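Numbered as in this note's numbering, the sequence shown ends at 158 without a single skipped number.
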Amino acid sequence: MAQKILDAQPFSRLLGARITAFGAGAATLELDIREELHQQNGFVHGGVLSYAADNALTFAAGAALGPAVLTAGFSIQYVRPARGTLLRARASVVHAGRRQAVVRCDLLTVDTDTDGAATDATETLCAVAQGTVLSTAAQPAPEVP
């Protein structure tokens with residue numbers, strides 16, 4: 014179901030993003046890094062990292078709050094330039110209430126072999142994001158005494 018929702022986003026389809034893990038207040042989004050996603054110095058563009066963080070945060074929160082969610086806001090800190098062949102955004106809910114969730118996301122790059130399989134290389138942290146995601150589901154009206 015999560016991949017179907019992601020596929021309904023034209024921009025996500027353009028990037029070729031995919032959900033590789035979903036559930037229990039966590040989500041992982043991956044996309045193949047290609048030349049069109051680089052900035053002028055050859056690193057993955059910060060906007061691509063922000064896109065991945067935003068979606069991973071929202072999907073993780075959706076696993077906790079339900080599918081009707083929107084990002085209220087997030088911040089991202091770039092730790093090092095992103096290089097590699099695969100971008101992985103791994104998000105998990107830090108705290109969830111009835112109407113909102115606070116979520117953290119690590120953005121990692123991974124090198125893959127020519128078949129696209131991850132090599133023995135370790136993940137490299139390139140950015141960290143944190144955000145607040147709100148439920149947009151209709152809430153029942155409070156009872157009037």
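Where is the CB? At the ideal position from N, CA and C, for every residue including glycine. Every value quoted in this text rests on a predicted model; they were computed, and no experiment measured them.
Ala-151 and Gly-79 have their C-alpha atoms roughly 11 Å apart. Put simply, of Arg-103, Leu-44, Ala-37 the residue whose alpha carbon is nearest the alpha carbon of Ser-25 is Leu-44. Here Asp-67 is buried, its C-beta having at least 16 other C-beta atoms within 10 Å. Taking 8 Å as the cut-off, the beta carbon of Ala-39 is found no closer than this to the beta carbon of Ala-15.
Contact between the stretch 47-56 and the stretch 70-85 is not established, with fewer than three Cβ pairs separated by less than 8 Å. Taking the C-beta atoms as reference points, Arg-101 is found nearer than 8 Å to Leu-121. Asp-45: member of the beta strand (DSSP E) spanning 39-45, first to last residue. Taking C-alpha positions only, Glu-136 is separated from Val-123 by approximately 5 Å. Boundaries of the beta strand (DSSP E) harbouring Leu-120: 113-123, taken from the DSSP string. Residue pairing by DSSP places Gly-144 opposite Phe-87, Val-116 in a beta bridge.
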